[in-house]
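Report on one structure; see the data block that follows.
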Amino acid sequence: MDTIPPPYVCARSPEALTSFTTSTANSLLPCSKQKRLSHIGRLPSLGKFIDNVFSSCQLPAPVCLVTLIYLQRLKTRLPKCARGDFDTPYRLFLAAVLASSKYMCESGTELTSYQISVATDGIYCARDINMMERSFLGLMSYDLWVHPHEITEFIALYGDVLEMEMVKELALA
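Residue numbers for the sequence shown, in this note's numbering: 154 to 326.
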């Protein structure tokens with residue numbers, strides 16, 4: 154029997170992941186409740202939006218986990234006076250997903266801005282998503298390295314809520 158080298162992240166509930174990610178994105182900074190831009194009228198709830206992106210992109214659990222770590226890291230770097238537009242949580246989520254996918258996946262298997270645009274049903278175009286990513290990377294000071302102990306600590310803190318755990322060995326049939 155082959156095994157995947159430790160540690161391996163296992164997510165048991167897509168619903169728990171979506172709920173936690175929604176809560177995390179919503180808590181990043183105070184945002185306007187007014188929908189001022191035309192495309193915002195087409196936005197589903199943030200939870201539905203995140204669920205659609207996770208489902209459409211079929212993201213592996215480690216990419217979702219690093220996305221959450223990036224969002225929490227971003228929250229600590231934002232100025233206390235930072236304010237956002239209605240769709241800022243959507244944009245920050247997309248940028249974090251794109252950055253974590255590129256960081257975590259082997260060359261050629263990461264998500265592209267176009268794939269994310271399709272996953273949003275065209276609400277955001279690839280060019281907009283590229284700009285989101287550049288802004289996000291600037292806010293993060295391009296600090297994308299996630300140490301394995303950060304993953305272990307994150308799962309120790311939030312694993313029960315996320316229904317996610319570290320597995321030392323994953324048996325393959």
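The beta-carbon is built from N, C-alpha and C at its ideal position, and this holds for glycine as well.
Residue range M317 to V320 is occupied by the beta strand (DSSP E) that includes E318. Counted as a single uninterrupted DSSP element, the stretch harbouring Y243 is not any beta strand (DSSP E) but the alpha helix (DSSP H) occupying residues T241 to M257. Here C184 is bridged, per DSSP, to G237. Taken through DSSP and simplified to helix, strand or coil, C278 comes out as coil. A contact between stretches requires three or more CB pairs, one per stretch, nearer than 8 Å, and the stretch 285–292 meets this requirement with the stretch 242–249. The DSSP-derived three-state label of V299 is coil. For the pair E318 and C163, the CB atoms are nearer than the 7 Å cut-off. Scanning Y267, A235 and C258 for the CA closest to the CA of A214 turns up C258. The residue from L182, A169 and I203 with its alpha-carbon nearest to that of P232 is L182. A164 is bridged by DSSP to M317.
Relative to I304, the option among Q268, V216 and F207 whose CA is nearest is V216. Here R287 carries a helix assignment [DSSP, helix/strand/coil].
Between S209 and A272 a beta carbon distance of about 4 Å is seen, short of the 8 Å cut, so the two are scored as contacting. E306 carries a helical assignment under DSSP once its states are collapsed to helix, strand and coil.
Taking a C-beta distance under 7 Å as the contact criterion, L264 and S253 do not qualify as a contact pair. Comparing alpha-carbon positions, the option among I269, V320, W298 and D204 lying closest to M285 turns out to be I269.
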